[in-house]
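When you number the sequence shown by this note's numbering, it's gap-free, plus one each residue, and the end is 224.
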Amino acid sequence: LALVEFADELVNGNNIPGIATDTNAATLEKVFRDTVHLTDLGSYFISLVNYAFINQRSPAGAWAPDDINADTAQAMQEFAWAFYTRYQANNVPLTMDECSARIRDSFAQQYWEFLHDRAVRNDKNTLFETMKEQLIGPARVRRNTQAWQQAFADDSPQNPFLFDPDTDATIWHPAP
């Protein structure tokens, strides 16, 4: 969620100096190396969010890599803390079943639609590639969403949120 809000801020808010470029794709490429991996800048942002959640305090004044200017680092630190405070105020911890349902019922489709929209808006696409993505992309979104929904079904052995004390005894340790 933090990355989604950060990306939205970079594309729509422009309140983080030193990151925005002339295109949304180029701006997001400063944070995302590809559809899975983060750049050093993206990793720094996530480290700020992790710091806030682990320590339950603002990362303001935290060290920043040499290639991130002080104004950008400060704005990222403030954004990470603002995300943390909003999240703590508006969210309650979910059970394993609730996590599974959240991914199955909403996140799966949102994630695959995000990837499709990103592919359609890719500034590097040729006209043919854009048209191809517009035609076949929705089917891929449906197929991948359904695959994730099946994997996160309540009784699916592929569901990482499914806990079975008998089969998972070697993975999970009892609470102290």
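Heads up, the beta-carbon is just placed ideally off N, CA and C, and yes, glycines get one too.
For residue i, tell me which candidate among the options has the shortest Cα-Cα distance.
{"i": "GLU53", "options": "TRP220, ILE94, THR83, HIS221", "result": "ILE94"}
{"i": "GLU77", "options": "GLN182, ALA137, ARG169", "result": "ARG169"}
{"i": "THR71", "options": "PRO213, ASP171, GLN197", "result": "ASP171"}
{"i": "TRP111", "options": "TYR92, ASN62, GLN182", "result": "TYR92"}
{"i": "ARG152", "options": "ASP214, GLY61, ARG81, THR193", "result": "THR193"}
{"i": "PHE127", "options": "ASN98, GLU181, HIS164, THR215", "result": "ASN98"}
{"i": "MET144", "options": "PHE80, ARG81, ASP202, LEU58", "result": "ASP202"}
{"i": "GLY66", "options": "ASP214, ASN207, MET124, LEU86", "result": "MET124"}
Reducing DSSP to helix, strand and coil, say where residue i ends up.
{"i": "LEU96", "result": "helix"}
{"i": "PHE80", "result": "strand"}
{"i": "LEU210", "result": "coil"}
{"i": "LEU86", "result": "strand"}
{"i": "GLN104", "result": "coil"}
{"i": "ILE151", "result": "helix"}
{"i": "ASP119", "result": "helix"}
{"i": "ASN72", "result": "helix"}
{"i": "VAL140", "result": "coil"}
For residue i, does the count of other Cβ atoms within 10 angstroms reach 16, so buried, or fall short, so exposed?
{"i": "GLU146", "result": "exposed"}
{"i": "TRP220", "result": "exposed"}
{"i": "TRP160", "result": "buried"}
{"i": "ALA217", "result": "exposed"}
{"i": "ALA74", "result": "exposed"}
{"i": "SER148", "result": "buried"}
{"i": "ALA118", "result": "exposed"}
{"i": "LEU96", "result": "buried"}
{"i": "LEU60", "result": "It should be pointed out that residue 60 corresponds to Asn in this sequence rather than to Leu. Looking at its Cβ environment, which holds fewer than 16 other Cβ atoms inside 10 Å, ASN60 is exposed."}
{"i": "HIS164", "result": "buried"}
{"i": "LEU142", "result": "exposed"}
{"i": "ALA50", "result": "buried"}
{"i": "VAL189", "result": "buried"}
Since I believe residue j is in contact with residue i (beta carbons under 8 Å), could you give me their beta-carbon distance rounded to a whole number of angstroms?
{"i": "LEU89", "j": "ILE116", "result": "7 Å"}
{"i": "ALA68", "j": "ASN62", "result": "5 Å"}
Is the segment 128 to 139 in contact with the segment 102 to 110, if contact means three or more CB pairs nearer than 8 Å? yes
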